[in-house]
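Each remark here refers to the structure printed beneath this line.
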Amino acid sequence: MSNVLIFDTTLRDGEQSPGVSLGMEDKLQIARYLAALRVDVIEAGFPIASEGEQASVAAIARVIEGPIVAALARTNERDIDAAWEAIREAERPRIHVFISTSDVHLSQMLRMSREQALQAAVASIRYARRFTEDVQFSAQDATRTDLDFLVQILTAAVEAGARTINVPDTVGYATPSEYRQLFESLAARVSGLNPAVLSTHTHDDLGLATANALAAVEGGARQIECTINGIGERAGNCALEEVVMGLRTRGDAYRVTTRIDSSQLLRSSRLVSGLTGIPVQPNKAVVGANAFSHEAGIHQDGMLKDRNTYEIMKPEDVGLRESKLVLGKHSGRHAFRVRMKDLGYELSDDQLTEVFARFKHLADRKPHVSDRDIEAIVGTQLGGVEEIVGLDYFLVTSGNSAIPTATVRLNLCGDRPEFSACGGGPVDAIFRAIDGAMDRSHRLVDYRIEAVTDGANALGQVIVRVDVQGQVHLGRGLSTDVLEASALAYVNAINRGLQADGSTEEQQGEPGRLSGSDSDGS
Ligand code: KIV
Ligand code: ZN
Numbered sequence: 006m007s008n009v010l011i012f013d014t015t016l017r018d019g020e021q022s023p024g025v026s027l028g029m030e031d032k033l034q035i036a037r038y039l040a041a042l043r044v045d046v047i048e049a050g051f052p053i054a055s056e057g058e059q060a061s062v063a064a065i066a067r068v069i070e071g072p073i074v075a076a077l078a079r080t081n082e083r084d085i086d087a088a089w090e091a092i093r094e095a096e097r098p099r100i101h102v103f104i105s106t107s108d109v110h111l112s113q114m115l116r117m118s119r120e121q122a123l124q125a126a127v128a129s130i131r132y133a134r135r136f137t138e139d140v141q142f143s144a145q146d147a148t149r150t151d152l153d154f155l156v157q158i159l160t161a162a163v164e165a166g167a168r169t170i171n172v173p174d175t176v177g178y179a180t181p182s183e184y185r186q187l188f189e190s191l192a193a194r195v196s197g198l199n200p201a202v203l204s205t206h207t208h209d210d211l212g213l214a215t216a217n218a219l220a221a222v223e224g225g226a227r228q229i230e231c232t233i234n235g236i237g238e239r240a241g242n243c244a245l246e247e248v249v250m251g252l253r254t255r256g257d258a259y260r261v262t263t264r265i266d267s268s269q270l271l272r273s274s275r276l277v278s279g280l281t282g283i284p285v286q287p288n289k290a291v292v293g294a295n296a297f298s299h300e301a302g303i304h305q306d307g308m309l310k311d312r313n314t315y316e317i318m319k320p321e322d323v324g325l326r327e328s329k330l331v332l333g334k335h336s337g338r339h340a341f342r343v344r345m346k347d348l349g350y351e352l353s354d355d356q357l358t359e360v361f362a363r364f365k366h367l368a369d370r371k372p373h374v375s376d377r378d379i380e381a382i383v384g385t386q387l388g389g390v391e392e393i394v395g396l397d398y399f400l401v402t403s404g405n406s407a408i409p410t411a412t413v414r415l416n417l418c419g420d421r422p423e424f425s426a427c428g429g430g431p432v433d434a435i436f437r438a439i440d441g442a443m444d445r446s447h448r449l450v451d452y453r454i455e456a457v458t459d460g461a462n463a464l465g466q467v468i469v470r471v472d473v474q475g476q477v478h479l480g481r482g483l484s485t486d487v488l489e490a491s492a493l494a495y496v497n498a499i500n501r502g503l504q505a506d507g508s509t510e511e512q513q514g515e516p517g518r519l520s521g522s523d524s525d526g527s
């Protein structure tokens, strides 16, 4: 069976999801998980977008061992220079250049002729090849491009030195049979294609991203571009976990394999969901909370007799284990380190100290700490943010016939400002008191709460989005007390806001969004 390369673009296309803005530590953490998952390529970002993006891509390029690290560039020298500067220290760097090829993009967005786009593609691939042999070319909006022109530009791209040819369904328009036929046509008509790899990149506007990626494999694609949890622009991208488990479970139909360690899928999904604040729907294929739950009596009966009756994948194959009650307040640092290792976390001494302190704090309140609790602690602690504002204490009074009131004391660079405020509810009162203690106001954009495990003393995780100085930042808080979790999440978002150096702002404006309007040739 031949191998299909898995190209993960969570950190580039995924980061273009509405409302998502990851900091450098978050991105590094995701990249480490992707390496543990054994993806073949990590698309680390679009370095020209901002200095912060450039620095994050460079940091990933420096530390990641194993996967190729790719950086995106439009077809101009400035973009390519920035991409190369960011990835030059990677063990295996790749420059990924793209330009739109459909008439609607060329005439309405780029204001270029087909010929100009072809020249720009060729010149930029040749330019990128001066830095590395590993150059990928993407024809944006390929599925709405005139087929003869697509064949022409891809043939020219291969001739210019592109080793991977990506054929994106940028707007999620193709049907599976059309997309498969497109790959068959390109395989037959792009001369000199071999040994270049044909790649699929699909969006989920019609819910067909995974089906289209699998159809492309049938048509000859040997690289799949995808993101964890399918996050991405608009309706998102092809979900890595779906396409990988599709190929694995139906190896008989697709006759290809991947190098992915599927037992890492669930933890990668949880990490990305936690860091981006994008929840995973319960009925999501492969990694949703209900993906392996059987509710109906007939199903449960079948499962008790033979798991094959209703289960086509084993839960443990995607990393879903029975949560063991592993540790309690008497557990020591050594036992904790061993458990962390079992769960797949390799932490530095400093990180372990931080996470162990949080574990001890939790174990004082919760007699049995489960694997899921530990994963949640690790998720909130790592990729952490400098604590400019700390929560010293809070006190809340509330009831069905009382006005909710909160008093909060903060730790603000050595000062201990205190403030009391009333609110529409206890959470609102806490947030107002925090604002009062800081003598500035913030706008709560979104508030979400979920239980990490079952049971009355479950850890509660609160995820907020807060507008801090005109920029929306994500904050997370974890506690057995949901009011404390709320306060911690709010303070966490404020800390992110205070720490932001302006790079977020740039990432969200042009040219961070891929209009390609600067694709004016090199
Ligand atoms: O959807 C798309 O066309 C892209 C390209 C930049 C590869 O994301
Ligand atoms: Zn895309």
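If you read the sequence shown in the numbering used here, its first letter stands for residue 6, the second for the next number, and so on.
Quick reminder that beta carbons are idealized off the backbone N, C-alpha and C, glycines included.
Predicted model only: the values in this text are computed from it and were never measured.
To the nearest angstrom, report how far apart residue i and residue j are at their CA atoms.
i	j	result
V291	G235	12 Å
Q157	A133	20 Å
A36	R99	15 Å
A490	V457	12 Å
L415	P422	6 Å
G71	K310	43 Å
N242	Y350	28 Å
E82	L123	16 Å
S112	T281	35 Å
L488	D210	38 Å
G544	V394	Residue coverage of the chain in this structure runs from 6 to 527, which leaves residue 544 outside it and unanswerable.
K319	L348	18 Å
A179	A144	15 Å
V477	A66	28 Å
H335	P372	10 Å
E48	S375	34 Å
T358	E391	16 Å
G293	A438	36 Å
C427	I233	41 Å
R370	L400	18 Å
H366	Q356	16 Å
A340	D420	38 Å
D18	P200	26 Å
Check whether the Cβ of residue i lies closer than 6 Å to any heavy atom of the ligand ZN, and answer yes or no.
i	result
D210	no
D378	no
D18	yes
Please state if the CB of residue j and the CB of residue i are separated by a distance shorter than 7 Å.
i	j	result
P181	A216	yes
G50	L27	no
I454	V471	no
A76	A88	yes
H206	G177	no
Q269	A41	yes
R97	I73	yes
V62	A91	yes
T412	S403	no
E223	Q21	no
T14	E246	no
Give the C-beta separation of residue i and residue j to the nearest angstrom, bearing in mind that I take them to be a contact with Cβ-Cβ under 8 Å.
i	j	result
A226	F188	5 Å
R149	S107	4 Å
V102	S129	5 Å
R501	G482	About 12 Å; that fails the 8 Å criterion.
L33	A64	6 Å
I265	R43	6 Å
A434	P409	4 Å
R194	G166	About 20 Å separates the two Cβ atoms, so there is no contact after all.
F12	S204	7 Å
Check whether the Cβ of residue i sits closer than 6 Å to any heavy atom of the ligand KIV, and report yes or no.
i	result
F103	yes
P23	no
Q504	no
T262	no
H206	yes
S143	yes
P173	yes
Quick one: does residue i have its CB under 7 Å from some CB of chain C?
i	result
E58	Chain labels in this structure do not include chain C; a single protein chain is all it has.
| said: My parser needs the beta strand (DSSP E) runs of 3 or more residues fully inside the stretch 408–454; what are they? | reply: 423–427
| query | Taking the runs of the beta strand (DSSP E) that are 3 residues or longer, which of them lie wholly in the stretch 108–194? | reply | 140–145, 169–174
| said: Suppose only complete runs of 4+ residues qualify. What are the alpha helix (DSSP H) ranges in the stretch 464–494, listed by chain order? | reply: none
| Residue ranges of each alpha helix (DSSP H) within the stretch 286–334, 4 or longer | 302–310
| said: Could you tell me which whole beta strand (DSSP E) segments of length 3 or greater appear in the stretch 15–99? | reply: 46–50, 73–79
| request: Taking only runs that begin and end inside the stretch 198–253, name each unbroken alpha helix (DSSP H) of 4 or more residues, in chain order. | output: 214–223
| Where in the stretch 340–387 do unbroken runs of the alpha helix (DSSP H), each at least 4 residues long, occur, reported from the N-terminal end onward? | 354–370, 376–386
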